[in-house]
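Position one of the sequence shown corresponds to residue 213 (the numbering used here), numbered consecutively onward.
Note that beta-carbon positions come from the ideal geometry of N, C-alpha and C, so glycine has one too.
Computed from a prediction, not measured in an experiment: that's the story for all the values here.
Below is one structure, written out as structure tokens; the observations come after it.
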Amino acid sequence: MSCIHYKFRSALEYDTITFDGLSISLADLKYSIITQKKFGKSTDFDLEVTNAQTKEKYKDDMTMIPKNSSVVVRRIPVGTKSKAQLAAERASPFSSGEQKTVCTHG
213 MSCIHYKFRS ALEYDTITFD GLSISLADLK YSIITQKKFG KSTDFDLEVT
263 NAQTKEKYKD DMTMIPKNSS VVVRRIPVGT KSKAQLAAER ASPFSSGEQK
313 TVCTHG
């Protein structure tokens, strides 16, 4: 049996997820944490997972996390956008629906 050690930022102790194989996908890890912590089927949040040693944030759900890794987990609301995303949208001319079509019938 392989395992991943995880803790929420506010927790003092690590919990463990066990699985078969050499690695686990980020999506499977998130699902296992949600199930283990009994968060239910609520979809109003996501889990941000960061490697505890390297501080690398895992973003792609297909990313494979090697066994015996330690990660820090943070619950984040769905629908919130980072400052970088908001800045990128403001820079785009079509980001906020400001594109207007003018029709002239003549």
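Using DSSP bridges, identify the partner residues of ARG287. Per the DSSP secondary-structure output, ARG287 pairs in a beta bridge with LEU259.
Under the three-state reduction of DSSP, which class applies to TYR243: helix, strand or coil? The answer is helix: DSSP assigns TYR243 an H, G or I state.
Can you tell me where the beta strand (DSSP E) holding LYS219 begins and where it ends? LYS219 -> beta strand (DSSP E) spans 214-220.
For ASP227, which residues does DSSP report across the bridge? In DSSP, ASP227 forms a bridge with TYR218.
Within its chain, find whatever has a CB closer than 8 angstroms to the CB of LEU241; leave out the 5 residues flanking it on each side and keep chain order. Taken in chain order, the residues that qualify are ILE216, TYR218, ILE229, VAL261, ILE277, VAL283.
So what does DSSP say about ILE236, is it helix, strand or coil? Per DSSP, reduced to three states, the secondary structure at ILE236 is strand.
Is the beta carbon of ILE288 closer than 8 angstroms to that of ASP256? Taking 8 angstroms as the cut-off, the Cβ atoms of ASP256 and ILE288 do not count as close.
Close Cβ partners of ILE245 (< 7 angstroms) along its chain, the five nearest in sequence each way excluded: TYR218, ILE229, LEU259, VAL285.
Continuous beta strand (DSSP E) stretch holding MET276: start and end: Residues 276-278.
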